[in-house]
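In the working numbering, the protein residues as written are 6 to 224.
A virtual CB, placed ideally from N, CA and C, is assigned to each residue, including glycine.
Contents: one structure, followed by commentary.
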């Protein structure tokens, strides 16, 4: 089951967003994310949040409202992801997870896709020309794109060990990537398919479609 979650950050359209919305079985909005969902023509099935930034007129667009306290441990986006999991999601795509006035929410949303609580779910974050996901070791990730697409890897654990790649311009052959050092940034696909394998640790993987980046250089 594929669930699309609209967060409250800046929504930037792109092929990854379009593909996610076209295959969505359920749409959930995290509070203000409902505004974006409605503007894009995808009224949410469920809205989750404390509704501190969503007027009652827009709340009426959702068949189900899950109201939570303003003072809580989880963010509205995290609660929306948890709701998706409760509804049986096997795949979740987070939209509007980046940008906006609250940079801390951008960082929080990037870290959320690496949350061990969602390890059994294919959780991705789509933003404009880019698609973010994680690789957990031992494991592998298959990337489909075009030669020239950008691809970056960042360790989210103190180290990511045994990193190997295929069909990337700068190959990795069992190296260890260290947290805080951006050694894996701005690699390039050399074929329509590429592979990353990882022995131990967690990697954040970001695939950026070069054609969409050229269409919108400010993306």
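What residue does the beta strand (DSSP E) around residue i start on, and which one ends it?
i, result
"residue 9", "7-11"
"residue 96", "96-100"
"residue 54", "51-54"
Per DSSP, what kind of secondary structure is residue i in: helix, strand or coil?
i, result
"residue 200", "strand"
"residue 38", "helix"
"residue 179", "strand"
"residue 161", "coil"
"residue 190", "coil"
"residue 151", "coil"
"residue 75", "coil"
"residue 195", "coil"
"residue 80", "coil"
"residue 85", "helix"
For the putative contact between residue i and residue j, defined by C-beta atoms under 8 Å, what is the C-beta separation to the nearest angstrom?
i, j, result
"residue 7", "residue 96", "4 Å"
"residue 193", "residue 209", "So it is not a contact: roughly 18 Å between Cβ atoms."
"residue 55", "residue 74", "6 Å"
"residue 12", "residue 38", "5 Å"
"residue 206", "residue 180", "Incorrect: roughly 12 Å between the Cβ atoms, too far for contact."
"residue 25", "residue 100", "7 Å"
"residue 169", "residue 177", "6 Å"
"residue 53", "residue 32", "No, residue 53 and residue 32 are not in contact; Cβ-Cβ is about 12 Å, not under 8 Å."
"residue 113", "residue 138", "With a Cβ gap of about 17 Å, residue 113 and residue 138 do not count as contacting."
What residue does the alpha helix (DSSP H) around residue i start on, and which one ends it?
i, result
"residue 166", "Where residue 166 is concerned, there is no enclosing alpha helix (DSSP H), although the beta strand (DSSP E) it sits in stretches over 164-171."
"residue 218", "215-220"
Mind checking if residue i is an interface residue toward chain D, Cβ cutoff 8 Å exclusive?
i, result
"residue 45", "In summary, chain D is missing from the structure at hand, where a single protein chain is found."
TODO: Take every Cβ of the segment 133-149, pair it with every Cβ of the segment 205-217, and state whether three or more of those distances are shorter than 8 Å.
DONE: yes
TODO: Only counting runs of 3 or more residues, tell me where the beta strand (DSSP E) segments fall wholly within the segment 107-148, in order along the chain.
DONE: 127-132, 135-141
Task: Inter-stretch contact at 8 Å, needing at least 3 Cβ pairs: the segment 148-156 / the segment 108-122 - done: no
Open item on the list: Taking contact to mean 3 or more Cβ pairs, one atom from each stretch, closer than 8 Å, check whether the segment 158-168 and the segment 98-109 are in contact.
Closed with: no
- [ ] Let me know the beta strand (DSSP E) ranges lying completely inside the segment 12-36, each 3 residues or longer, listed in chain order.
- [x] 31-35
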